[in-house]
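Quick notes on the structure that follows.
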Amino acid sequence: MAFPLIDVLRRSFVSNTTWEFSGLENYKRVLTNSAFKLAITNTAWFTLICIPMLMVISLVIATAMHNLKNDEEGLKNIFLFPMVIPVSSVVLVWNIVFDRQGLLNSALSIIGIGNVDWMNSDYAFVILIISYIWKNLGYDIILWLAGLSGIPDSIYEAAYVDGASKVKCFIYITLPNLKYTVFMVSVISLINSFKVFREAYLVSGEYPDTSIYMMQNLFNNWLSDMAIDKIAAGAVIFGVLIFTVIIVLYCIFARRDKT
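Note that the sequence shown covers residues 10 to 268 in my numbering.
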């Protein structure tokens with residue numbers, strides 16, 4: 010694992026044609042590239058919107074499932090079902106529903122709304138968010154349930170005896186005891202958010218609507234042009250950003266643990 014990382018770092022400082030040391034020239038080219046700015050902006054917005062939504066929705070559902078202990082296993086299977094569906098099947102469903110001649114436009118035509126090219130408009134970003142949440146909801150629910158099962162019931166029983174409501178128990182008992190789970194779920198959700206590219210690529214191709222032009226699209230197009238120097242520099246920049254986010258999250262939870 011270390012060798013490819015070192016090689017990428019090395020390639021980010023050399024020319025793609027002469028293989029001579031070029032300093033920070035590759036980084037300047039990447040940072041001033043309009044496609045890079047578009048891709049990293051869309052990726053940042055997608056991450057900032059999707060991860061909080063996914064974490065909140067999955068936590069609410071996991072908490073409700075944890076209180077329904079008898080039906081928990083059956084509900085787990087239902088929410089995990091999207092994870093076992095092949096990507097090709099998901100893409101087929103997307104095409105059937107969101108194509109210009111698809112089911113959604115057919116249903117909307119009944120009330121007089123014209124055909125919309127959903128995957129080639131600003132709606133594509135919303136569809137991508139829905140797909141990401143639908144695909145990863147079950148996995149996050151399982152993680153939350155694992156964290157919830159580690160909280161002793163005796164703590165809640167003592168709180169109820171003292172007159173605490175369910176809301177207060179959730180705020181002052183459940184959330185503080187889930188801090189490590191929050192960190193793990195946020196990191197895994199961050200990693201999974203970069204895997205949604207497969208569905209978007211298979212539906213929209215190399216150059217999708219600008220609203221869903223992500224870092225993965227950019228790297229794929231640069232790879233087609235064999236622009237290894239730009240790919241290496243972009244990968245280093247992107248990797249540093251992700252690593253910084255993870256370190257910040259870790260420091261926040263470590264600080265809370267000390268207090």
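Each residue gets a CB set at the ideal place from its N, CA and C atoms; glycine is no exception.
{"Asked": "Opening and closing residue of the alpha helix (DSSP H) in which Phe3 lies", "Found": "Nothing about residue 3 can be reported from this structure: the residues present for the chain run from 10 to 268 only."}
{"Asked": "6 Å Cβ shell around Gly156 - same chain, five flanking residues per side excluded", "Found": "Leu187, Thr190"}
{"Asked": "Nearest residue (CA-CA) to Ala236, options Ile261, Pro13, Asn25", "Found": "Asn25"}
{"Asked": "Where Val191 sits in the DSSP three-state scheme", "Found": "helix"}
{"Asked": "Inter-stretch contact (C-beta, 8 Å, three-pair minimum) for the stretch 105-120 and the stretch 37-44", "Found": "no"}
{"Asked": "Under 8 Å between C-beta atoms of Leu63 and Ile142", "Found": "yes"}
{"Asked": "Span separating the alpha-carbon of Val93 from that of Ala173", "Found": "41 Å"}
{"Asked": "Distance, Thr52 Cα to Phe12 Cα", "Found": "27 Å"}
{"Asked": "CA nearest to the CA of Ile15, picked from Val254, Trp231, Gly248, Leu89", "Found": "Gly248"}
{"Asked": "Enclosing alpha helix (DSSP H) for Val106 [first to last residue]", "Found": "96-107"}
{"Asked": "Element boundaries [alpha helix (DSSP H), containing Ala155]", "Found": "132-158"}
{"Asked": "contact_flag[the stretch 92-112, the stretch 29-37] where n(CB pairs < 8 Å) is 3 or more", "Found": "no"}
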